[in-house]
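Chains as they are written, first to last, in my numbering: chain A, 121 to 473; chain B, 41 to 550.
Cβ atoms here follow ideal geometry from the backbone N, Cα and C, with glycine treated the same way.
Remarks on the structure that follows.
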Amino acid sequence: MPEAPLLIRRQRVPGWLSALCYAGGLILGLAIAAGLLMALGVPGPSLWDEFIVETFLTSDGLSQTLTAMIPLALVGLGSALAMRVGFWNIGISGQLWMGAVAATWVSLHGIGPGALRLPLMLVLSCLAGAAWVGLPLLLRLKWNVSEVITTLMLGSIAFLWVQHLLFGAWRDTTTGFANSRSFAPEERLPLLGWGHLHAGIWIVLGVTLLGVLVMATSRVGFYARAVGLNPRAARAAGLPVLGTIAGLVLASGALCGLAGAVIVTGTEYRLSQTIGGDYLFSGIVIAFLARSQLLAVLVVAFVLGGFYTTGNVLKMFYGVSEAVVLLTQGIVLLTVLSAQLFSTYRIERRGNA
Amino acid sequence: MTPSDTSGRGRAPALLMRDIDKAFDGHPALTGAGFRLEYGHVHALVGENGAGKSTIMNVATAVYAADAGEVIVDGYGTALRTPAEALSAGLGMVHQHFRLVGRFTVAENVALALGGAGQPCSLSEAARRVREKAAELDFRLDPHARVERLSIAEQQRAEVLRVLLLGARILILDEPTAVLTAAEARALLALVRRLADEGRAVALVTHKLHEVAGYCDRVTIMRQGRTVLAAAEVAGADLNDFARLAVGELPDTPRPAPVTPGAPLLEIENLSVRRGDGSAAVEGLSLSLRAGEILGIAGVGGNGQPELVDCLSGLSPAVAGTVRLAGQEATRAPVRRRRRAGLAVIPADRSDSALIGGLPLAQNLALTGVWRGAFGPFWWLNKARMRRAAETAITERDIRGGGVATPAGLLSGGNAQKLLLARELGPGARVIVAHSPSRGLDLRATRAVHDALRQAVREGAACLLISEDLEEIMTLSNRIAVMNHGRLSAPMPVAEASAQALGALMAGHA
Numbered sequence: 121m122p123e124a125p126l127l128i129r130r131q132r133v134p135g136w137l138s139a140l141c142y143a144g145g146l147i148l149g150l151a152i153a154a155g156l157l158m159a160l161g162v163p164g165p166s167l168w169d170e171f172i173v174e175t176f177l178t179s180d181g182l183s184q185t186l187t188a189m190i191p192l193a194l195v196g197l198g199s200a201l202a203m204r205v206g207f208w209n210i211g212i213s214g215q216l217w218m219g220a221v222a223a224t225w226v227s228l229h230g231i232g233p234g235a236l237r238l239p240l241m242l243v244l245s246c247l248a249g250a251a252w253v254g255l256p257l258l259l260r261l262k263w264n265v266s267e268v269i270t271t272l273m274l275g276s277i278a279f280l281w282v283q284h285l286l287f288g289a290w291r292d293t294t295t296g297f298a299n300s301r302s303f304a305p306e307e308r309l310p311l312l313g314w315g316h317l318h319a320g321i322w323i324v325l326g327v328t329l330l331g332v333l334v335m336a337t338s339r340v341g342f343y344a345r346a347v348g349l350n351p352r353a354a355r356a357a358g359l360p361v362l363g364t365i366a367g368l369v370l371a372s373g374a375l376c377g378l379a380g381a382v383i384v385t386g387t388e389y390r391l392s393q394t395i396g397g398d399y400l401f402s403g404i405v406i407a408f409l410a411r412s413q414l415l416a417v418l419v420v421a422f423v424l425g426g427f428y429t430t431g432n433v434l435k436m437f438y439g440v441s442e443a444v445v446l447l448t449q450g451i452v453l454l455t456v457l458s459a460q461l462f463s464t465y466r467i468e469r470r471g472n473a
Numbered sequence: 041m042t043p044s045d046t047s048g049r050g051r052a053p054a055l056l057m058r059d060i061d062k063a064f065d066g067h068p069a070l071t072g073a074g075f076r077l078e079y080g081h082v083h084a085l086v087g088e089n090g091a092g093k094s095t096i097m098n099v100a101t102a103v104y105a106a107d108a109g110e111v112i113v114d115g116y117g118t119a120l121r122t123p124a125e126a127l128s129a130g131l132g133m134v135h136q137h138f139r140l141v142g143r144f145t146v147a148e149n150v151a152l153a154l155g156g157a158g159q160p161c162s163l164s165e166a167a168r169r170v171r172e173k174a175a176e177l178d179f180r181l182d183p184h185a186r187v188e189r190l191s192i193a194e195q196q197r198a199e200v201l202r203v204l205l206l207g208a209r210i211l212i213l214d215e216p217t218a219v220l221t222a223a224e225a226r227a228l229l230a231l232v233r234r235l236a237d238e239g240r241a242v243a244l245v246t247h248k249l250h251e252v253a254g255y256c257d258r259v260t261i262m263r264q265g266r267t268v269l270a271a272a273e274v275a276g277a278d279l280n281d282f283a284r285l286a287v288g289e290l291p292d293t294p295r296p297a298p299v300t301p302g303a304p305l306l307e308i309e310n311l312s313v314r315r316g317d318g319s320a321a322v323e324g325l326s327l328s329l330r331a332g333e334i335l336g337i338a339g340v341g342g343n344g345q346p347e348l349v350d351c352l353s354g355l356s357p358a359v360a361g362t363v364r365l366a367g368q369e370a371t372r373a374p375v376r377r378r379r380r381a382g383l384a385v386i387p388a389d390r391s392d393s394a395l396i397g398g399l400p401l402a403q404n405l406a407l408t409g410v411w412r413g414a415f416g417p418f419w420w421l422n423k424a425r426m427r428r429a430a431e432t433a434i435t436e437r438d439i440r441g442g443g444v445a446t447p448a449g450l451l452s453g454g455n456a457q458k459l460l461l462a463r464e465l466g467p468g469a470r471v472i473v474a475h476s477p478s479r480g481l482d483l484r485a486t487r488a489v490h491d492a493l494r495q496a497v498r499e500g501a502a503c504l505l506i507s508e509d510l511e512e513i514m515t516l517s518n519r520i521a522v523m524n525h526g527r528l529s530a531p532m533p534v535a536e537a538s539a540q541a542l543g544a545l546m547a548g549h550a
C-alpha cells in the first residue's frame, strides 16, 4: 500500500519559497486554462497571440487592458482593505451598483454646477458604496451578525433596485431601452487619447498610492495589522478596534462605489443592467491573489484586465463563452491557493523505522 | 491479551524507546532520548517545559515520526506509523487537550472511537460498556451526559475510559493533573495507581514532583531533549535530587518582606460580573490594593478569576459595583482610560489576549504605546524609534530566540512572557493585574516573572496577583485572599496564612 506522505508545518516560510509556490500555482493554473481553451477549439498559437501579444504588447490591446483594469483595481483594493481586518465583503457588486446609481442620480437631476458635476458624482458614489456596506458593518459590530450573508443579500437588493429604476423612472424615454439616458460631456471622465483609456486610471493610481502611504506610515496600517491578526489582544492593548474595522470597511465600500461611478462615467456613459458584471468574484480573486497587498492588487488587476480583453476577443472570433474568463480566474485562484500548501508545509515521505 | 495476563514482571518492557532524535524544522526537540516502561508500573516522566516530554510521548504513539531511533512495544520492533496503529498495539494517550467531541455524549464519543478503530458498536452497547468500565474503576460517569456539560475532571475520566475501552494496555497521560483541583488530582492519581496495579503500564508526564513521590514506581527525567535520568527507582530516593536534575539548579525563593503600603491604587467595591451566558461570575467583590504591595488571590480555577481580570482590563462590563484606579473612577472606563491611569495586565492566556503572534516583537512591544503617541503622531509612525525601544527591551529583559523583527508567535512561552512583561511593566505601570503569570513556564522563566513583579512593586506599583498556584501566591504576596464561587474572602497577611486555612477557604468550608 502506498504510504501517505507526512505534512510538516514550517516554523518559518522563506520568501523565495513562497514566491516559487505562488509562481508555480500561477503557471499551472494558466496551463490548465490554456488546455481548456484548446479543447474548446482555440488553436494553441493564437492563444499565445491573443493572451500575451494582443492584450499586453500591442498599443490597442494595452489600452484596452488598462481600461478594463480600472474598475477591477478599485474593487480589488476595496476587497483587500476589508479582508485585512477580517471582514468578508461579499457585497462588492451591490456597493458598485449603489455607486453607479448615485452617480447617475446626480446626472439625471443635474445637481450642482457643470464644472463640479463630475467630482460630485464621484464623491457621492463613494458615500453610497460606504453606506451600502455600512448597514452590514453596523449589524456585525453591534450584534455580531455574519457579514457574509448580509453583504451578499444587500448585493441582490441593490441589483433589483437598479432594475426597478431602469424599467421605471430612469428608463431612457427616447429609445425605450432599459437604461438611463446618456451622460452629458462634462459628466464623463475625460479620455486620454489612447484607445478608450480614460482619466479613471489616474484615480486608480492616486487611490493606490494614498492607500499604500497610509498603510505604511500612519497608525492606520499598524492598527489594521494588529486587529486583523488578533482583535482581542488589540482591544486589550487599548487599540481602537471598532474604529479600525469600521474605517477600513467603509473605505472598502467607498472604493467599490467609486468603481461603479468610474464605469458609468468612464466607459458606459449611462447606467445599464450589464455594468455590474463579474466584479464581485473578480474583486475577491484579486484580493486573494494579491494577498491583500495594495501594490500587488494593481499588478493582479492589470493581469486580470488582460483576461477580460482576451475574453472579448475569444468570444468574438472563436465563439467561446464569456464565462471562460471567470472559469480561468477560478482555476488560477484554485491552483495558487493550493500551491500554498507547499510553502506552508514541508512534505516528507515516511521513514520506515 | 488482557491486563491480568501482563502483571508478570521480568517480561519484555511494555514500551522501550532508544536513541530517539526528533527535530522540528531544524530545531532539535529530542536528541538521543530514551524511555523504558514496564507493565505494572506508574512511570513518571519529569522535566521543565520544552524538555521534550510531550514530544517523546507523541513519538511513542506515532503522532510524530522520529527522525532516528527505535520504538519497541512488548518486545516487538514493528514500526507504528499512525496513532491508530499505536492504539491497536495497545498504546493509548490521554492528551492535555482532550480528544472528545463536545457536542456528543460520552457514549457517542466511545461509539465513535470504537467505530474508528474498526470495532463498530451500537450506542446502547457503548453506553453499557461505559457504565461497566466506570463501575469497575469505581467512578461515576453518566454515559448519556454531553461532554461539553461535564466538568474538566469528568471529561478527563471520560477520556481515560475511552482509551481503556479501545483496549489500551499502555496508558500515557500528558500532564493530567495540570487542569485539576487538588482533590480531583488525588482521585486521578489513585485511579492511575490502580490501573498499574491491575497490570497495565502507565506513563505519567508531569511537572509535579510530589506526584512522583506519592504515586510512581519509576521516574525518568528529561532536560533539553535528552534523558538525564533513566527509569530510576522512586522508593527511597531524594526528591531534591530529582528536582536538581530536572532544572539544573534549584531557585531560592525569597519570602516577601513586610511592607508599609502607600496610597490605595485599586479600590473595588461590591463588584459583580456576569459570564457570556448570563450566570454570575463575580459577586459583590470588594478589595483595596495599595502601592508597594502584592495582594494574592488564590483559588481553584473557574471561580470567576478570568471574568474578574476581563472586567478590570475593560474588556467586559461590570453589572454592579465600582472600580477606582489610582484614585479615578473607572468602573465603566474604556481600556485606554484605564491604561492611561496606569493599568497593566498580564492575562492568563497571553497568546490569546495580550500578544499578537503574527506581528514582530517590536510591534508587539509598541502596541500600548502607539495610540498614546509614544511613536509619533497619527499620520507618521516612527519605526526606527520602535526598533530601538525593542532592542533595549530585548537586552534588558533578556528575551531570547528572536530579534526585533521576529514574529512574537515564534518565541517560547518564557520568552513570550518576558516580552509581555517588558511591555506591561514599564515606568507607567501603577496597577498590575497578573493572572497566573508563570503558568506553563519553567523555573527559570518563572523566576524572571516573579522578579519583575517584585521589582515593579518596589518601584511603587501595586499588584493584584491571581493564581491557582498556591506556592506562587505564598512566595509573592504580602496579603492573601481566596476566591470561591465569585466571592472573595477577607484578605489576611501572608504570615497568618496556613496552607490548611487557605485550602479550607478554597474548598468553601470556611
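- Considering only beta carbons, no part of the region 138-156 of chain B lies closer than 8 Å to chain A.
- Boundaries of the beta strand (DSSP E) harbouring Asn310 of chain B: Pro304 to Arg314, taken from the DSSP string.
- Thr432 of chain B and Val150 of chain B have their C-alpha atoms roughly 54 Å apart.
- A direct Cα-Cα distance of roughly 25 Å separates Phe207 of chain A from Ile383 of chain A.
- Following the DSSP letters along the chain, one finds Gly135 of chain A inside the alpha helix (DSSP H) bounded by residues Gly135 to Ala159.
- Taking the beta carbon of Thr408 of chain B as reference, the chain A residues within 8 Å of it are Ala357 and Gly358, listed in sequence order.
- Listed in chain order, the non-local C-beta contacts of Leu235 of chain B below 7 Å within the same chain comprise Leu211 and Val242, local neighbours out to five positions each way being set aside.
- With respect to chain B, the C-beta atom of Thr293 of chain A has no partner C-beta closer than 8 Å.
- The Cβ atoms of Arg527 of chain B and Glu307 of chain B do not sit closer than 8 Å to each other.
- Bounds of any beta strand (DSSP E) do not take in Val452 of chain A; it lies within the alpha helix (DSSP H) bounded by Ala443 to Thr464.
- Only buried fits Phe171 of chain A, as 16 or more other CB atoms lie within 10 angstroms of its CB.
- Less than 8 Å separates the beta-carbon of Gly265 of chain B from that of Leu70 of chain B.
- Shown here, Val473 of chain B sits in a strand according to DSSP, grouped into three states.
- Residues of chain A with a Cβ closer than 7 Å to the Cβ of Gly398 of chain B are, in chain order, Leu349.
- A straight-line Cα-Cα distance of about 15 Å links Leu409 of chain A and Gly426 of chain A.
- Using a Cβ-Cβ cut-off of 7 Å, Val313 of chain B is close to nothing in chain A; its nearest Cβ partner there is about 16 Å away.
- Secondary structure of Gln368 of chain B (DSSP, three-state): strand.
- Interface with chain A (8 Å Cβ-Cβ cutoff): Leu545 of chain B is excluded.
- Ranking A:Ala154, A:Gly144 and A:Ala222 by CA distance to the CA of Ala381 of chain A puts A:Ala222 first.
- Relative to Gly397 of chain A, the option among A:Gln460, A:Val361, A:Gly275 and A:Ala374 whose CA is nearest is A:Gly275.
- Looking from the CA of His83 of chain B, the closest CA among B:Ala485, B:Ala445, B:Arg494 and B:Asp237 belongs to B:Asp237.
- Pro216 of chain B carries a helical assignment under DSSP once its states are collapsed to helix, strand and coil.
- Residue pairing by DSSP puts Tyr116 of chain B in a beta bridge opposite B:Val113.
- Residues of the region 355-384 of chain B with a C-beta less than 7 Å from any C-beta of chain A: Leu355, Val375, Arg376 and Arg379, listed in chain order.
- The C-alpha of Tyr389 of chain A lies about 7 Å from the C-alpha of Arg308 of chain A.
- If you look at Gly380 of chain A, you'll find it isn't in any beta strand (DSSP E); it sits in the alpha helix (DSSP H) that goes Val361 to Ile383.
- In this structure, the beta-carbon distance from Pro304 of chain B to Leu329 of chain B falls below 8 Å.
- Beyond the five residues adjoining it in sequence on each side, Ala379 of chain A comes within less than 6 Å, by CB distance, of Pro191, Leu194, Val195 and Leu216 in the same chain, given in chain order.
- For Ser338 of chain A, the chain B residues whose Cβ falls inside 8 Å of its Cβ are Phe418, Trp419, Trp420 and Leu421, in order along the chain.
- Of A:Ser179, A:Met273 and A:Gly331, the smallest CA-CA separation from Leu418 of chain A is found for A:Gly331.
- At least one CB of chain B lies nearer than 8 Å to the CB of Phe342 of chain A.
- At a cut-off of 8 Å between beta carbons, Leu126 of chain A contacts chain B.
- One finds Ile396, Leu399 and Leu407 in chain B with Cβ atoms closer than 7 Å to the Cβ of Ala346 of chain A, taken in chain order.
- Using a 10 angstroms sphere on the CB of Leu325 of chain A, the tally of other CB atoms stays under 16, which defines it as exposed.
- Annotated three-state conformation of Thr145 of chain B is strand, per DSSP.
- Proximity of Arg352 of chain A to chain B, defined by a Cβ-Cβ separation below 8 Å, is satisfied.
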